[in-house]
Amino acid sequence: MIVAISSTIISFITVCFVSVWLIPYLRKIKFGQSILEIGPKWHAGKAGTPTMGGLAIVVGIILSLILCAVIFKIETAMLGAVFVYFALIGFIDDYIKVVKKRNLGLNQKQKLLLQFIGAVVLVIYSANHPDVGTYLYVPFYNDIVNFGWGYYPFTIFAVLAVVNAVNFTDGLDGLVSSVSAVVFAFFTIAAISFGYIQTSVFSSAALGACLGFLVFNHYPAKVFMGDTGSIALGGAVIIIAVMTKLQIYILLAGIIYVIEALSVALQISYFKYTRIKTGQGKRIFKMAPIHHHFEMSGLSEKKIVMIFTLITFLACVIAILTLPII
15 MIVAISSTII SFITVCFVSV WLIPYLRKIK FGQSILEIGP KWHAGKAGTP TMGGLAIVVG
75 IILSLILCAV IFKIETAMLG AVFVYFALIG FIDDYIKVVK KRNLGLNQKQ KLLLQFIGAV
135 VLVIYSANHP DVGTYLYVPF YNDIVNFGWG YYPFTIFAVL AVVNAVNFTD GLDGLVSSVS
195 AVVFAFFTIA AISFGYIQTS VFSSAALGAC LGFLVFNHYP AKVFMGDTGS IALGGAVIII
255 AVMTKLQIYI LLAGIIYVIE ALSVALQISY FKYTRIKTGQ GKRIFKMAPI HHHFEMSGLS
315 EKKIVMIFTL ITFLACVIAI LTLPII
């Protein structure tokens, strides 16, 4: 518990200090966010806000991992390496957007391929880890289930789904930082309860990083984390879930991620279906991901963030109560 608290504090302080230096530097080199024309019109005022602030999150988590790993094991190094790999995918995407002036960055196939490589490495490592294997906890079942060979495709899918779902959630000031902080708090409690010290250090570091970044990212945001931060956080969520055998629990604890991703999938699918059927694509939501639908329906960014964070908190409380050790 003390190590986890120390990890949170170190990560929080590191992110704050790095951000104080990083934000003016990003502004100086003109690493500002460009805004898609199809987005809400009032988001135009955010154009030029420094992006790639997620670099501070990455530094905070890695430094905390180095300083707080009680016994530096291959597990800590491996988890940190996979985390940095996902952060690098986001960094490349941001770099293309900002420097190459292509607002969409990497195309979807390129992103998925790079994410797939990271997923395969994580799955092979976890399946051969003595404390993980091919087992998963199932909510409300109060026991562990051996997925056997099904573990591999299921977990690879989970990695791709979660990384992109967290990325979708990063659309309003402070949204993904707030929601993810609660999710990491859940995983920290779970990891400590299961006795996974190394994983609890990672999760608590991610919690501190989110809180530290939120100081600068709450409405009105002084900096955006960019894909450098959101893909890194998505990677952190699924890495921790895999190492605690709680991938399925993301459906509950990460309910906002799930809703955001489903809203995008439904919007695209329905648009394509109606275009084939009627010749003109129709939409279910005013805009996807769903946080933009609520925004365009009149809810303020601050209110949406507050509601989504509260929903996540309640979902995580339920998730904690369904853990087999509670």
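Per the working numbering, numbering through the sequence shown is continuous, rising by one, with the last residue being 340.
Using N, Cα and C, we set each Cβ at its ideal position, and we do this for glycine too.
Keep in mind the model is a prediction, meaning the values are calculated, not measured.
| said: Need the endpoints of the alpha helix (DSSP H) that N181 sits in, please. | reply: 165-183
Any idea if L40 is buried or exposed, counting beta-carbon neighbours within 10 angstroms, 16 or more meaning buried?
buried
For A70 and Y271, the rounded distance between their alpha carbons
22 Å
Next on the checklist: Tell me the rounded alpha-carbon separation between H307 and Y149.
Outcome noted: 38 Å
* Please classify Y210: does DSSP put it in a helix, a strand, or coil? => coil
Paired residues, beta bridge with V159 - DSSP
L150
Fully enclosed by the stretch 237-283, which alpha helix (DSSP H) runs are 4 residues long or longer? 240-257, 264-267
Q: Less than 8 Å between the CB atoms is what I'm expecting for I211 and V17, so what's the real figure, rounded?
A: 7 Å
_Suppose contacts are defined by Cβ-Cβ distances below 8 Å. Is S2 in contact with A219 by that definition?_
Because the chain spans 15 through 340 in this model, residue 2 falls outside it and cannot be assessed.
- Residue from L260, D157, D184, F26 whose Cα sits closest to the Cα of E274: D184
Exercise. Could you check which residue in L79, M239, F216 has the C-alpha nearest to that of A199?
Key: F216
**OP:** Below 8 Å on the Cβ atoms is my guess for V346 versus T63; work out the distance and round it to an integer in Å.
**Re:** The structure shown has nothing for residue 346, since the chain only spans 15 to 340.
Discussion item. Mapping the DSSP letters down to three states, classify K38 as helix, strand or coil.
Written reply: Checking the sequence shown, residue 38 turns out to be Pro, not Lys. It is helical.
**Message:** Under DSSP, the alpha helix (DSSP H) around M320 begins and ends at which residues?
**Reply:** 315-335
Q.
Check for me: the alpha helix (DSSP H) holding K123 runs from which residue to which?
A. 122-141
Which first and last residues belong to the alpha helix (DSSP H) in which M310 is found? 304-310
Cβ shell of I106 (< 7 Å), same chain only, five flanking positions each side left out = L120
Discussion item. Check this for me: beta carbons of Q294 and T288, under 8 Å apart or not?
Written reply: yes
Next on the checklist: With distance defined between alpha-carbon atoms, name the residue in I110, G164, L276, V256 nearest to F45.
Outcome noted: I110
Taking all protein chains shown into account, decide if Y366 is buried (16 or more other Cβ within 10 angstroms of its Cβ) or exposed. Lying outside 15 to 340, the shown extent of the chain, residue 366 is not represented and no answer is given.
Could you check what DSSP says for I390 in three-state terms: helix, strand or coil?
-> Residue 390 lies beyond the stretch modelled for the chain, which goes from 15 to 340, so this question has no answer here.
(request) Take Y182 and list the residues in its own chain whose beta-carbon comes closer than 6 Å to its own, dropping the five residues that flank it on each side. (result) In the sequence under discussion, the amino acid at residue 182 is Phe, which differs from the Tyr named in the question. Around F182: E274, A275, V278, P303.
TODO: Would you be able to state if there are at least three C-beta pairs under 8 Å between the stretch 138-158 and the stretch 243-262?
DONE: yes
Integer-rounded CB distance, given that G68 should sit under 8 Å from G360: Look at the range of the chain in this structure, 15 to 340, and you will see that residue 360 is not part of it.
Nearest-angstrom Cα separation, counted from A255 out to L337
13 Å
Return the Cβ separation of F100 and V197 in integer angstroms, given the expectation that the two are a contact with Cβ distance under 8 Å. Going by Cβ atoms, the distance from F100 to V197 rounds to 16 Å, so no, they are not a contact pair.
Going by the beta-carbon positions, is the gap between I37 and V237 smaller than 8 Å? yes
**Item:** Nearest-angstrom Cα separation, counted from M301 out to S78
**Value:** 38 Å
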